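J.: Okay, here's the structure, questions in a sec.
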Amino acid sequence: MMSSYFKNTWEGLYTVFVGMKITLKHLFTPSVTIQYPNVKVPLPERVRNRLYVNMDDCIGCDQCARACPVSCIEIETVKSLPTENLGTTSNGKKKALWVTKFDIDIAKCCYCQLCVFPCPTECIYMTDVYEFSEFRRSDLVYKFATLTEAEAEEKKLNFENLQKEKELQKAAQAAAQNNAQQPN
Amino acid sequence: MSIKTEHMVLNMGPQHPSTHGVLRLELELNGELIVNVKPHIGYLHRCFEKHAEAMTYPQIIPYTDRIDYLASISNNFGYAVTVEKLMGIQVPERVEYIRVIFGELQRIASHLVAIGTYGLDIGAFTPFLYCFRDREKILSLFEMTCGARLLYNYIWVGGLSHDIHPEFVRLTREFLNYFRPQVEEVNQLLSYNKIFIERTANIGILPAETAINFGMTGPNLRGSGVKFDLRRNDPYSIYDRFDFDIPVGDGRMGTVGDCWDRYFVRVLEIEQSIRIIEQALDQIPEGDVSSAIPKRIKPPVGSVYGRVENPRGELGYFLISDGGLNPFRLKVRGPSFVSLSVMGELCKGHLIADVIAILGSIDIVLGEVDR
Amino acid sequence: MLELFTELTGNALLGMIINSLIPLVFVIPLALFFVWLERKVSAHMQDRLGPMITGSHGWLQTFADVLKLLQKEDIIPADADRKLFTIAPILVFAGSYAAFAAIPFSSAYIGSEIDMGIFYVVAVSGLVVAGILMAGWSSNNKYSLLGAMRSVAQIISYEIPTVLVILSIVVLAGTLNLLKISEMQTAYFWNWFIFGGPEPGLIKFLLIPFMFAGFLILYISSLAEVNRTPFDIPEAESELVAGYHTEYSGMKFAMFFLSEYANMFVVSAIVSAVFFGGYQSPFGYLGNSLGISWLVPIEQFFWFTAKGIFFVFVQMWLRWTLPRLRVDQLMAVCWKYLIPYSFVNLIIIAFLELYR
Amino acid sequence: MKSSKEIFEILKDEFGDKILELKEDIPVDPYIIVTPDSTEKIARFLHDSSDLQFDSLMVLSGVDDNNPVKTKNEDGTESLSGGTLSVYYHLYSIPLNHKIVIRAVTEKENPMVQSVESVWKTADWHEREAFDMVGIRFENHPDLTRILLPYDWDESSFPLRKDYKNPEFYQGMKIPY
Chain A
1 MMSSYFKNTW
11 EGLYTVFVGM
21 KITLKHLFTP
31 SVTIQYPNVK
41 VPLPERVRNR
51 LYVNMDDCIG
61 CDQCARACPV
71 SCIEIETVKS
81 LPTENLGTTS
91 NGKKKALWVT
101 KFDIDIAKCC
111 YCQLCVFPCP
121 TECIYMTDVY
131 EFSEFRRSDL
141 VYKFATLTEA
151 EAEEKKLNFE
161 NLQKEKELQK
171 AAQAAAQNNA
181 QQPN
Chain B
1001 MSIKTEHMVL
1011 NMGPQHPSTH
1021 GVLRLELELN
1031 GELIVNVKPH
1041 IGYLHRCFEK
1051 HAEAMTYPQI
1061 IPYTDRIDYL
1071 ASISNNFGYA
1081 VTVEKLMGIQ
1091 VPERVEYIRV
1101 IFGELQRIAS
1111 HLVAIGTYGL
1121 DIGAFTPFLY
1131 CFRDREKILS
1141 LFEMTCGARL
1151 LYNYIWVGGL
1161 SHDIHPEFVR
1171 LTREFLNYFR
1181 PQVEEVNQLL
1191 SYNKIFIERT
1201 ANIGILPAET
1211 AINFGMTGPN
1221 LRGSGVKFDL
1231 RRNDPYSIYD
1241 RFDFDIPVGD
1251 GRMGTVGDCW
1261 DRYFVRVLEI
1271 EQSIRIIEQA
1281 LDQIPEGDVS
1291 SAIPKRIKPP
1301 VGSVYGRVEN
1311 PRGELGYFLI
1321 SDGGLNPFRL
1331 KVRGPSFVSL
1341 SVMGELCKGH
1351 LIADVIAILG
1361 SIDIVLGEVD
1371 R
Chain C
2001 MLELFTELTG
2011 NALLGMIINS
2021 LIPLVFVIPL
2031 ALFFVWLERK
2041 VSAHMQDRLG
2051 PMITGSHGWL
2061 QTFADVLKLL
2071 QKEDIIPADA
2081 DRKLFTIAPI
2091 LVFAGSYAAF
2101 AAIPFSSAYI
2111 GSEIDMGIFY
2121 VVAVSGLVVA
2131 GILMAGWSSN
2141 NKYSLLGAMR
2151 SVAQIISYEI
2161 PTVLVILSIV
2171 VLAGTLNLLK
2181 ISEMQTAYFW
2191 NWFIFGGPEP
2201 GLIKFLLIPF
2211 MFAGFLILYI
2221 SSLAEVNRTP
2231 FDIPEAESEL
2241 VAGYHTEYSG
2251 MKFAMFFLSE
2261 YANMFVVSAI
2271 VSAVFFGGYQ
2281 SPFGYLGNSL
2291 GISWLVPIEQ
2301 FFWFTAKGIF
2311 FVFVQMWLRW
2321 TLPRLRVDQL
2331 MAVCWKYLIP
2341 YSFVNLIIIA
2351 FLELYR
Chain D
3001 MKSSKEIFEI
3011 LKDEFGDKIL
3021 ELKEDIPVDP
3031 YIIVTPDSTE
3041 KIARFLHDSS
3051 DLQFDSLMVL
3061 SGVDDNNPVK
3071 TKNEDGTESL
3081 SGGTLSVYYH
3091 LYSIPLNHKI
3101 VIRAVTEKEN
3111 PMVQSVESVW
3121 KTADWHEREA
3131 FDMVGIRFEN
3141 HPDLTRILLP
3151 YDWDESSFPL
3161 RKDYKNPEFY
3171 QGMKIPY
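In order, the protein sequences belong to chains A, B, C and D.
Residue numbers are given in my numbering: position 123 of the first sequence equals residue 123, and the series is strictly consecutive.
When you read off a place in the second sequence, starting at 1, and then add 1000, the result is the number in my numbering.
When you read off a place in the third sequence, starting at 1, and then add 2000, the result is the number in my numbering.
When you read off a place in the fourth sequence, starting at 1, and then add 3000, the result is the number in my numbering.
Shown next, in the form of structure tokens:
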């Protein structure tokens, strides 16, 4: 009983001194933290931060939007006219769609990288930019589509006209067939 | 004649420095003595199970990251194991080894948080930062491999999102060599400190039988002296190939199953995880990590319960598939959810300060309690 | 000093006011310095850098913080007892400031040379307890109340070992006057009471271990008196959020904060005065050897501040090393360990003094 | 170590018609279907029997089976009603290292299952969650209240039921999503 009393006292003091020795040692070790805005940690190459879309390569296939678990990518496309040449992507795929809308709501994005893997042209990828706070939430919706609104309208109109023309042609064809059949 | 007294009701949380998130504990007090504790949860409910019913199988993985955000890899691991079990996928050897290495690194990282914040709960601030310093090094290893520091989306059904970085094996060995002595330092500073022992030994004693009845798993169960570890008793992946010990609480400082035992089991587990990682690094074969990833994940009709040893205990996924692209039902059995239910039992008759010590010792993550 | 000021101003009242303001000029910058020091010490012990932006190594950080606190809205909770709520921080600061009156800064300056000096310091620190209890009660917050109750129980309990250890010094010194106690330990550091006091002989060497024990007890209980880790349970942030000052903000909070740091200096000053020679230099004075008599008080003031800062640094060092005790264990440490030890210590010292 | 077949036989011998069938044909885990009005007795037996010793309830999950019965209304429209809810008990025995899944099926109209809280304390919160999310009532449960959802959540709304509709209002407040 008595010995445990003194043992407690001794342990109390001794372990305190052991701890103090450790913290004193650390007082003189250099710090591991850095002065963030002035000094930055180099990022590894695979780092997953802000999404970026290289629209030159985008074919508008919508695969990234379908892979996204939080639906932060919105894509709208319009078929091009047969006369128009949209060029090819860097890995040789022929583009056939006008991308009229390619919005990424980066505020919703969960940085899971699931959109990057299915992309056939590797045009959507994650960059190493991580400082992009904004004052308005609407500023966090990134619009990647390269077409201006007027152009987009025009393409839509073009496509609708093409559809109408095709329908008219079809109707005309059907009518012609009907006409051709009628005499018989 | 006795004086009529009333019990005081004290709301601890949802905003409180040491409820580890948004937990509300309703304490009924007699002076500073606890008469009753009632946990109120759900402040962080994110409808994981409802979400899962509307997601395809790969899309669920980022959501599993967020169940227990201190052990994302382990959550990915458990989910992948469950779906693979239902689909009957055999994953390549290299994938298994990488999974084990990452799972164990994640266990170390998670235990470092547990140890550090436990020190913080008891009032020692410095060990917390030492632990976080080392945890950051582990997170850097993860970042190098898959690009994210916290929510990895790394382990996929049938494979991995990336192969490990060419430098990974060397850097991991370097880290382990650096890290071994650090554990001892934390022990000297915190675990064997007389004040810390006084605060935690003989507090919140959880006998083995009660622990099993309450469904406690992982370090909490082992702290009560039950030698039960899913990696050994119900092996998944390739854990049966490694040589490691299962540390159990032995009541060294007080009674078996007290807070100190639960805490110290975690410290000892770090050592065992280091051993597993070292063995795995030696044996890791070459190969492709994405060859077994199915193009379309469409499990057959059926149900499966898969469980893995998460740092906090048994993480179970109960998956019912109707043969479609989305799960019919995905129920998560979070170890923290189960562990927290024992709070009321443990706290009775202790002081307010002990509530903090007990809550810290069962090491909950509110993200997983509420899902 | 008082006479000097009275002569200079030609008015007794004005002289008194100036005399009593001198510690304030000293205390407030010192408290700000301690806040900065605390942050730097904690940071470097934890492998961090701490404040670095405001001024070189962030030395202006606490000034900026005080300016911020001054500008903040003064919030009084709706259900608080407004009068007590306002008085409490003033009382706490007054308590810790009043203690400076009897502390000898150098042989030339002491606020009020009273023969009961050390007794006065211990007694007036008790005023802090009243302030803390007021704060806890008037906040109408359960956490505050619990913190205040703990604090009162703690400070009152720990005054007993403090006084017992001081009593053993008083037995040796034969006076309660802090200035006289300090003067006794003059010349070289082996005349300090920690090394058995100024009188040479065999008894002096026999006293040394008991003096060390006494110093440890006094230092530990002084930690408890100023609510520092491991005895910071009244404001244990992981249990009671912020204890008795949970509801305080703005300048009222700053007053609690400053008085806490001022108090740390007071107890450090007492420890150094009774055991480490107070303002005395450990090895003679430059002023004496050069024959410049006015240099001596300045040197003394330097040594006094240096010793005080060192003991405050040790308090910080302990805080960033140790966990916190539980409220019942805190009482156990006091009643089961410190008080018996200090009693035995006192009796042995008294016997040794008797047979000198 | 016992297979589910053996466990089924043991249970069948003990409880007779309370044990409905053993489902083994679908992957991966076979399960035993029991009637909901006797789960407590069955659980007690599973826990106490020296052959079985199921001392640990891994998880208890409430599931909406999404099998409503189609009925033709008089005006020709079809309406869905009825169907079943299930409770799955995943049991494990630490000393004997064997597992079993028990499933209790109950009517959706008035879902009532006996509580197993008295056998495994861990069932307390799991049952509250099943009540909270799927709306299964557990007989003899000491405190069957909402656990994850707020206490003032609509009494007849259970989010994990398959026919759950997102509410437009919460406590009179419009939900803008």
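All residues carry an ideal CB built from backbone N, CA and C; glycine is no exception.
Quick caveat, the model's predicted, so the values are computed rather than measured.
Using C-beta distances below 8 angstroms, list every residue in its chain close to V2041 of chain C, excluding the 5 sequence neighbours before and after it, in chain order.
T.: Indexing the third sequence from 1 puts residue 2041 of chain C at position 41. If we look at V2041 of chain C and ignore the five residues flanking it on each side, its Cβ neighbours are F2313, M2316, W2317 and W2320.
J.: Grab the span of the alpha helix (DSSP H) containing W2317 of chain C for me, first residue to last.
T.: As a working note, residue 2317 of chain C is residue 317 in the third sequence. W2317 of chain C -> alpha helix (DSSP H) spans L2295 to R2319.
J.: Taking the straight line between their C-alpha atoms, what separation do you get for E2199 of chain C and N2191 of chain C?
T.: Start at 1 with the first residue of the third sequence, and residue 2199 of chain C comes out as number 199. Start at 1 with the first residue of the third sequence, and residue 2191 of chain C comes out as number 191. Cα to Cα, E2199 of chain C sits roughly 8 angstroms from N2191 of chain C.
J.: Run through the DSSP bridge pairs and tell me what T77 of chain A is partnered with.
T.: Residue numbering aside, residue 77 of chain A sits at position 77 when the first sequence is read from its first letter. A:V99, per the DSSP bridge assignment.
J.: Hey, out of C:Y2337, C:N2019, C:M2251 and C:S2293, whose CA is closest to K2072 of chain C's CA?
T.: Residue mapping note: residue 2072 of chain C aligns to position 72 of the third sequence, counting from 1. It is C:M2251.
J.: Go ahead and pull the three-state DSSP assignment for L3057 of chain D.
T.: Position 57 of the fourth sequence, counting from 1, holds the residue named residue 3057 of chain D. If DSSP states are grouped into helix, strand and coil, L3057 of chain D belongs with the strands.
J.: By the three-class DSSP mapping on this structure, what secondary structure does T1172 of chain B have?
T.: As a working mapping, residue 1172 of chain B is identified with position 172 in the second sequence. Reduced to three states, the DSSP call for T1172 of chain B is helix.
J.: At which residue ranges does the stretch 3057-3139 of chain D contain complete alpha helix (DSSP H) runs of 4 or more residues, listed in the order of the chain?
T.: Taking only runs of at least 4 residues, the alpha helix (DSSP H) segments lying wholly in the stretch 3057-3139 of chain D are 3123-3133.
J.: Our contact map puts V2121 of chain C next to A2099 of chain C with C-beta atoms below 8 angstroms; I'd like the distance itself, whole angstroms only.
T.: Here residue 2121 of chain C is taken as the residue at index 121 of the third sequence, counted from 1. Here residue 2099 of chain C is taken as the residue at index 99 of the third sequence, counted from 1. Rounded, the Cβ-Cβ distance is 5 angstroms, consistent with contact.
J.: Quick check: the stretch 1231-1245 of chain B against the stretch 1163-1175 of chain B, are at least 3 beta-carbon pairs closer than 8 angstroms?
T.: Because the criterion of three Cβ pairs below 8 angstroms is not met, the stretch 1163-1175 of chain B and the stretch 1231-1245 of chain B do not touch.
J.: Taking only the alpha-carbon atoms, compute the straight-line gap between E132 of chain A and L2060 of chain C and give it to the nearest angstrom.
T.: In the first sequence, counting from the first residue as 1, residue 132 of chain A sits at position 132. In the third sequence, counting from the first residue as 1, residue 2060 of chain C sits at position 60. First, the residue type needs correcting, since residue 132 of chain A is Phe and not Glu in the sequence shown. Going by the C-alpha atoms only, they are around 30 angstroms apart.
J.: Quick check: what's the CA-CA separation for S3157 of chain D versus Q3114 of chain D?
T.: If you number the fourth sequence from 1, residue 3157 of chain D lands on position 157. If you number the fourth sequence from 1, residue 3114 of chain D lands on position 114. For S3157 of chain D and Q3114 of chain D, the distance between alpha carbons rounds to 21 angstroms.
J.: Using a Cβ-Cβ distance cut-off of 8 angstroms, determine whether C110 of chain A contacts chain B.
T.: For this step, residue 110 of chain A is matched to residue 110 along the first sequence. By this cut-off, C110 of chain A is an interface position.
J.: Return helix, strand or coil for F1328 of chain B, following the three-state DSSP convention.
T.: Along the second sequence, one-based indexing puts residue 1328 of chain B at 328. Here F1328 of chain B sits in coil by DSSP.
J.: Beta carbon of T1255 of chain B, beta carbon of L1189 of chain B: below 8 angstroms?
T.: For the purposes of this step, residue 1255 of chain B is taken as the residue at position 255 of the second sequence. For the purposes of this step, residue 1189 of chain B is taken as the residue at position 189 of the second sequence. Result no, Cβ atoms of T1255 of chain B and L1189 of chain B do not sit closer than 8 angstroms.
J.: Going along chain B, which residues have a C-beta under 8 angstroms from D3055 of chain D?
T.: The count along the fourth sequence starts at 1 and reaches residue 3055 of chain D at position 55. Result: I1212 and N1213.
J.: From S2107 of chain C to G2055 of chain C, what distance separates their C-alpha atoms?
T.: Numbered from 1 along the third sequence, position 107 holds the residue referred to as residue 2107 of chain C. Numbered from 1 along the third sequence, position 55 holds the residue referred to as residue 2055 of chain C. Computed Cα separation, rounded: 35 angstroms.
J.: Within 10 angstroms of the Cβ of Y3170 of chain D, are there 16 or more other Cβ atoms? Answer buried if so, exposed if not.
T.: In the fourth sequence, counting from the first residue as 1, residue 3170 of chain D sits at position 170. Its Cβ having fewer than 16 others within 10 Å, Y3170 of chain D is exposed.
J.: Please check if any C-beta of chain C sits within less than 8 angstroms of the C-beta of L27 of chain A.
T.: Position 27 of the first sequence, counted from the first residue, corresponds to residue 27 of chain A. Cβ-Cβ to chain C under 8 angstroms: yes for L27 of chain A.
J.: Spell out whether any CB of chain B is found under 8 angstroms from the CB atom of Q2329 of chain C.
T.: Along the third sequence, one-based indexing puts residue 2329 of chain C at 329. Closer than 8 angstroms to some Cβ of chain B, the Cβ of Q2329 of chain C qualifies, so yes.
J.: Within 10 angstroms of its Cβ, does N3073 of chain D collect 16 or more other Cβ (buried), or is it exposed?
T.: Position 73 of the fourth sequence, counted from the first residue, corresponds to residue 3073 of chain D. Under this definition N3073 of chain D is an exposed residue.
J.: Taking C-beta to C-beta, are P2202 of chain C and F2093 of chain C nearer than 8 angstroms?
T.: Here residue 2202 of chain C refers to the residue found at position 202 when the third sequence is read from its first residue. Here residue 2093 of chain C refers to the residue found at position 93 when the third sequence is read from its first residue. Looking at the sequence shown, residue 2202 of chain C is not Pro but Leu. Contact flag unset, no.
J.: Since F1264 of chain B is in the alpha helix (DSSP H), which residue starts that stretch and which ends it?
T.: Reading the second sequence from its first residue, position 264 is the one you call residue 1264 of chain B. Where F1264 of chain B is concerned, the enclosing alpha helix (DSSP H) stretches over C1259 to Q1283.
J.: Could you name the residues of the stretch 2048-2078 of chain C whose beta carbon sits closer than 7 angstroms to any beta carbon of chain A, in the order they occur along the chain?
T.: So the close ones are R2048, L2049 and M2052.
J.: Would you say M1 of chain A faces chain C, with C-beta separation under 8 angstroms as the test?
T.: Translated into positions along the first sequence, residue 1 of chain A becomes position 1. Answer no: the Cβ-Cβ gap between M1 of chain A and chain C never drops below 8 angstroms.
J.: Name the chain D residues whose beta carbon is nearer than 9 angstroms to that of N1233 of chain B?
T.: Here residue 1233 of chain B is taken as the residue at index 233 of the second sequence, counted from 1. Per Cβ cutoff of 9 angstroms: I3094 and N3097.
J.: Anything in chain D within Cβ reach of R1307 of chain B, meaning under 8 angstroms, just list it in chain order.
T.: Residue numbering aside, residue 1307 of chain B sits at position 307 when the second sequence is read from its first letter. Residues of chain D passing the Cβ test: M3058.
J.: If you follow the alpha helix (DSSP H) that G1119 of chain B is in, where does it begin and where does it stop?
T.: Sequence index remark: in the second sequence, residue 1119 of chain B carries index 119 (1-based). Residues E1093 to I1122.
J.: Short check: CB of I1420 of chain B to CB of Y1097 of chain B, under 8 angstroms?
T.: Not covered by the structure: residue 1420 of chain B. The range shown for chain B is 1001 to 1371.
J.: Does S31 of chain A get closer than 8 angstroms to chain C when you measure Cβ to Cβ?
T.: The count along the first sequence starts at 1 and reaches residue 31 of chain A at position 31. True, the Cβ-Cβ gap to chain C drops below 8 angstroms.
J.: Cβ of I166 of chain A within 8 angstroms of Cβ of V78 of chain A?
T.: Walking along the first sequence from the start, residue 166 of chain A turns up at place 166. Walking along the first sequence from the start, residue 78 of chain A turns up at place 78. Here the sequence assigns Lys to residue 166 of chain A, which means Ile is not the residue at that position. No; because the gap between Cβ atoms is not below 8 angstroms, this pair is not in contact.
J.: Should V1009 of chain B and E1026 of chain B be called a contact, given that it needs their Cβ atoms to be closer than 8 angstroms?
T.: The residue labelled residue 1009 of chain B in the question sits at position 9 within the second sequence. The residue labelled residue 1026 of chain B in the question sits at position 26 within the second sequence. Contact flag set, yes.
J.: Do I1041 of chain B and L1340 of chain B have their beta-carbon atoms positioned less than 8 angstroms apart in this structure?
T.: Position 340 of the second sequence holds residue 1340 of chain B. Position 41 of the second sequence holds residue 1041 of chain B. Closer than 8 angstroms, so yes.
J.: Return the residues of the stretch 1325-1336 of chain B that lie within a Cβ-Cβ distance of less than 7 angstroms from chain D, sorted by chain order.
T.: Against chain D - using a Cβ distance shorter than 7 angstroms - the residues of the stretch 1325-1336 of chain B are R1329, K1331 and R1333.
J.: Would you say G1147 of chain B lies against chain A (beta-carbon separation less than 8 angstroms)?
T.: On the second sequence, position 147 is the one that residue 1147 of chain B refers to. Closer than 8 angstroms: yes.
J.: Tell me whether G1360 of chain B sits in a helix, a strand or coil according to DSSP, three-state version.
T.: In the second sequence, counting from the first residue as 1, residue 1360 of chain B sits at position 360. Correct three-state label for G1360 of chain B: helix.
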